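Chains Z, Y and X, in that order, give the protein sequences.
Quick note: the first sequence uses my numbering, first residue 11, plus one each step.
Quick note: the second sequence uses my numbering, first residue 13, plus one each step.
Quick note: the third sequence uses my numbering, first residue 5, plus one each step.
This report refers to the structure that appears directly beneath it.
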Amino acid sequence: MAETGLPKIGSVLGLDGLQALIVALAARGREVIGPVEREGAIVTGRISGIADLPAGRTDRQEAGTYRLADRGDGALFGYAVGPHAWKRYLHRATETLFRVRRIGEELAFDAPREPPPPTAFIGVRACELAAMAIQDRVFQGGPYLNTEYAARRSQAFLVVVNCGDPAATCFCTSMDTGPRVRAGYDIALTELLDGRHEFLAEPGSDAGAALLAYLPTRPVAEADWQAADAVAARAAAGIRRHLPAAGIKDALQHHPEHPRWDDVAERCLACANCTLVCPTCFCSTVEDRSDLDGAGAARVRRWDSCFDRHFSYVHGGAVRTQTRSHYRQWMTHKLAHWWDQFASSGCVGCGRCIAWCPVGIDITAEAAAFVEGEAHGDA
Amino acid sequence: METLESTVLAQPFFAGLDPGIAALIADCARNHSFELGAYLFREGDEAREFFMLREGDVALEIQAPGRPTLVLSTTQAGDIVGASWLVPPYRWNSDARARSRVRALGFDAACLRAKCDEDPRTGYAMMKRFAPLLVHRLHAAHLQLLDVYGRTAPA
Amino acid sequence: MSVDPYLPLAYRVIAVRQETADVATLDLLPVGAAIPEPAPGQFAMLYVFGVGDVPISVSGAPVEGAPLMHTLRGVGPASRAITRLRPGQELGVRGPYGTVWPVAEAEGHDVLFVAGGLGLAPLRPAVRQVLANRERYGRVSLLYGTRSPQDILYREELAGWRRMLDVQIEVTVDRADASWRGAVGVVPDLIPRACFDPASTIAMVCGPEVMMRFTVLALQAAGLPFERIFVSLERSMKCGIGLCGHCQFGREFVCKQGAVMRYDRIAAIFTVREI
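Here's what the structure looks like:
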């Protein structure tokens, strides 16, 4: 990439090249997942070709609002992000951890591990790639490995698409996660619609380079690089929201009794939408299920949310019972404690929590209120 | 020879007391000795004298019909036994029983109350020492009441 | 780590001792592979077939080959099921997890153990380890408060420690009838009775959070700085290995930065409600 000062390597794909890319990945035994329009949103699902992509569609997002609209062109990736985060394929909503058989008084534990199917993700955004890197640290950075996540992650081929049209809810620039990808992908595409419909393709790994070498491409010209730069510049200029990255950690960690928590608690429904759509939220719980004959049981891990009223339950009652406490936990963890735990912010600026909050709570506005209060010596 | 006055001043509870006030208080004091099992006072009795323990353990107890004798708290050397002498109707709220041989300084309550009325400085010096003691006891009673170790509600 | 951290190892119940009406102690031995030897302060996740698992502190001293010992109260479905297990039955064990009591750090110092209720169970391995190396420590005191005389844990062992003559054991209860000849009152009030040099004492405190809050205040009033007071925390755990997010206490994961924590690290949030 240009930023590293290394020579820029790339090629240009046409629509036929992109089609060939998807087909080639499937032919190599991968489950290809990309953006599809479903029930009024651009979500992720299996795709078999470019015909499945949301051509000419874009998203209009604001606090508590998500709508699709026509663009008037044929852009295949002309939207920002939808409600599906890629964690649904890597850290799945439900996962069997082990099975156990009871024979008399004896227990036999078994962790059947079918190797996960190889996958290919098409259309990953820079912010989403950053979210994957964050979850890599959560699940693979400690002394105990989330084995399912590690297996699925290693089997995922990533085709990222640089953003050209951020939503009003996006704030990746504040979190230094976009709009352009830097590293950690197999292939990076930038959709070029300046009088043509092509994709600048940059390999990010040996596997990516090998696949591109196999596809019908044309050599990249300086004009193509400039066109891609223009897309990135347009994206950065289109960012409307900002989160005060400096000072937010201290402002939140030092003010657990700030009156703003009461303020947001008046609005928050504790519906947990934000934790469901957030690409870095990772909390889970376990369910133990026995077979009807009592000879076998299984333990299943499933997603959980710190907004659930049983989340902090410990012998006799929950530690956090009020909405105020739930919201404080979520926001302080995401923007402050995460730094102490995983050496980065937990937020990538994708803006999903703002759009999908039914009452439109805006994390950037809340953060600004705390930082401003800190500056004035409030609370 | 150790005088009552010097004994009073030697008690940690009265540390820093003005010697003149110590002399006044000592006028109301006398030495006591209790055998194991003896009562220092009984619930309902007039609170004529309160005690500063010099040696031994004392338990505050309540007798309730049909139930074994309940112990409210235990006190030992250096503690004050009895607070009901401070407020009307000046009647003891519980029994105080010696758990061992006890040596104590007993203070005539009426004598001390009169001295406090006569000389506000004496009165204030006494209140300043008793107030923290009562607050501490109240906090301890709260903590006992919380039953923090008790069986928790079923899940 | 190539071992699956979610997979329990099968352990067999060797013995069950009923300590009080709702508290039992289980001795466990591995059926096959064993978990690494737990150090004082650590806990294990105990799994009951078809019911679930719970984090329970290890109550046994780290002696090679000794059974894994856990003292627990049955309060929820899983812990109740565990207390009802009988010798010969099996359960799943994962661990040991968490941080350790500062037994090594306390060498050369006076040691003050303050236990409340079931909090004596997680402290027991540390007490045993200190007493097994008695010459390395100054004055050693154990202050223990519990609900009533019927709730006193490890009675014979406490008496045995007292008979050692160079250990100070003080016990108090919240309530009793007159057949109890010991102290009645709250455990922080035992602190003035303990013999220790506040300039060189390490205190290890374990019990219900309310009891620890007031005990820390009393220790501070007695001259101990927060850097030499250690507490053991408890929070909801669904994995014990830092992956489920439930046990967070401020920025700390109780399963990773705890359960044993040096008090100065958490002093600021310990008194924040619903943190």
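C-beta: ideal position from N, C-alpha, C; glycine also.
Values in this document were obtained by computation on a predicted structure and should not be read as measured data.
Going straight from the alpha carbon of residue i to that of residue j, what length do you get?
i	j	result
L228/X	I206/X	8 Å
G135/Y	R143/X	42 Å
R309/Z	A187/X	47 Å
G174/Z	V191/Z	12 Å
G189/X	A378/Z	49 Å
E256/X	V115/X	26 Å
A50/Y	R79/Y	21 Å
T200/Z	A231/Z	14 Å
Y10/X	A307/Z	15 Å
F25/Y	G121/X	31 Å
V329/Z	A65/X	31 Å
A25/X	D155/X	8 Å
A153/Y	L72/X	38 Å
L262/Z	A233/Z	46 Å
P64/Z	R277/Z	34 Å
D391/Z	G55/Z	This structure does not reach residue 391/Z, given that chain Z is present from 11 up to 389, and the question cannot be answered.
Could you pull out every residue in the same chain whose Cβ sits closer than 8 Å to the Cβ of residue i, ignoring the five residues on either side in sequence?
i	result
M395/Z	Only positions 11 to 389 of chain Z appear in this structure, which leaves residue 395/Z out of reach.
R81/Z	G66, R67, T68 and G88
Let me know the secondary structure DSSP gives residue i once reduced to three states.
i	result
A12/Z	Low local confidence applies: a pLDDT of 46 at A12/Z is under 50, so the model's placement there is unreliable, with the coordinate-based value given in what follows. DSSP places A12/Z in helix when its eight states are reduced to three.
P166/Y	Low per-residue confidence applies at P166/Y: pLDDT is 36, beneath 50, and the placement is therefore not dependable, though the value from the model is reported in the following sentence. Coil.
R277/Z	helix
Y101/X	strand
A126/Y	helix
M215/X	helix
W97/Y	helix
E161/X	helix
S236/X	strand
H151/Y	helix
M5/X	Low per-residue confidence applies at M5/X: pLDDT is 38, beneath 50, and the placement is therefore not dependable, though the value from the model is reported in the following sentence. M5/X falls in the coil class under three-state DSSP.
E267/Z	coil
F352/Z	helix
N283/Z	helix
S145/X	strand
A141/Z	helix
A161/Z	helix
Shortest alpha-carbon distance to residue i belongs to which of the options?
i	options	result
A30/Z	Y337/Z, Y224/Z, V191/Z and L210/Z	Y224/Z
L221/X	A271/X, R197/X, D181/X and E174/X	A271/X
A280/Z	Y323/Z, Q339/Z and I249/Z	Q339/Z
I169/Z	A143/Z, E124/Z, G133/Z and L202/Z	The amino acid at residue 169/Z is misidentified as Ile; the sequence shows Val. Per the Cα distances, G133/Z.
I43/Z	A375/Z, L203/Z, A95/Z and T179/Z	A95/Z
G54/X	A346/Z, Y337/Z, A385/Z and G304/Z	G304/Z
R135/Z	L86/Z, S322/Z, P189/Z and P127/Z	P189/Z
V104/X	G80/X, N137/X and Q261/X	Q261/X
Y99/Z	G257/Z, H325/Z and T290/Z	T290/Z
T106/Z	R311/Z, Y337/Z and W349/Z	R311/Z
A121/Y	P100/Y, L82/Y and R54/Y	P100/Y
R66/Y	L29/Y, V93/Y and H148/Y	V93/Y
R138/X	S183/X, Y158/X, L169/X and L124/X	L169/X
R232/X	D178/X, V52/X, M265/X and Y101/X	M265/X
If you drop the 5 nearest sequence neighbours on each side, which residues of the same chain put their C-beta closer than 6 Å to that of residue i?
i	result
I273/X	G254 and I279
E94/X	A14 and R16
P126/X	S61, C210 and S236
V287/Z	P93, R362 and W366
R228/Z	V22
E208/Z	V22, G24 and L202
M216/X	V209 and V235
V110/Z	L117, F119 and A307
R35/Z	First, the residue type needs correcting, since residue 35/Z is Leu and not Arg in the sequence shown. Excluding residues within five positions, the ones whose Cβ falls inside 6 Å are V42 and A130.
F230/X	Y267, D268 and A271
Near residue i, what residues of its chain come up, given a Cβ to Cβ distance below 7 Å and the 5 sequence neighbours on each side ignored?
i	result
A12/Z	Confidence at A12/Z is low in this model, with a pLDDT of 46, below 50, so its placement is unreliable and no value can be given for it.
A37/X	L13
V107/X	P44, A130, Q133 and V134
Can you find a CB in chain B that lies within less than 7 Å of the CB of residue i?
i	result
E278/X	No chain B appears in this structure, whose protein chains are Z, Y and X.
- Message: Three Cβ pairs or more, each shorter than 8 Å: is that satisfied between the region 292-299 of chain Z and the region 323-338 of chain Z?
- Response: no
- Three or more C-beta pairs below 8 Å linking the region 148-156 of chain Z and the region 237-252 of chain X: yes
- Would you be able to state if there are at least three C-beta pairs under 8 Å between the region 128-140 of chain X and the region 84-99 of chain X? no
- Between the region 54-73 of chain Y and the region 89-109 of chain Y, do at least 3 Cβ pairs fall closer than 8 Å? yes
- Message: Count Cβ pairs between the region 36-56 of chain Y and the region 106-120 of chain Y that sit closer than 8 Å; are there 3 or more?
- Response: yes
- Does the region 34-41 of chain Y come within contact of the region 123-138 of chain Y, defined as at least 3 CB pairs closer than 8 Å? yes
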